[in-house]
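Residues in the sequence shown are numbered consecutively from 99, following my numbering.
Think of the CB as a built atom: it goes at the ideal place given N, C-alpha and C, for glycine as much as any other residue.
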Amino acid sequence: MGDIRVRKVVETDGEICITGLPFKKGQTIEMTLKPIKEKQDAKPVLTAQKLLRSGLPGIWADRKDIGDSSVYARRLREQAQKRKRL
99 MGDIRVRKVV ETDGEICITG LPFKKGQTIE MTLKPIKEKQ DAKPVLTAQK LLRSGLPGIW
159 ADRKDIGDSS VYARRLREQA QKRKRL
C-alpha cells in the first residue's frame with residue numbers, strides 16, 4: 099500500500115480527527131504532519147488585460163535594429179538554447 103495523504107482543517111486547538119483509514123487494529127503506522135501555506139501566498143495571475151496595460155507589448159516597435167520582431171525573438175531563443183550552462 100502506498101502513502102495516504104489527508105488534508106484536514108484543525109477545528110479545535112491541538113486536535114485532529116481522521117477516520118476511514120485502511121489500517122487494522124494493532125498495526126503500526128507513522129504519521130507526519132505539516133502545515134500548508136495559506137493561499138494568499140499564491141502568485142498573482144497575469145491576465146491578458148493586465149499584460150496589455152503593462153506596456154510590454156510593443157516595446158520593440160520603435161527599434162530600427164530589430165526589423166521583424168518574431169524573427170528577432172526566434173534568434174534570441176536559439177542563442178539562449180545554445181549557450182553553455184554553468
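Of 102, 162, 134, 107, the smallest CA-CA separation from residue 120 is found for 102. When the Cα atoms are used, residue 172 and residue 180 turn out to be separated by approximately 13 Å. In its chain, beyond the 5 residues on either side, 114 have a beta carbon closer than 8 Å to the beta carbon of residue 108. A direct Cα-to-Cα measurement between residue 104 and residue 147 gives close to 38 Å.
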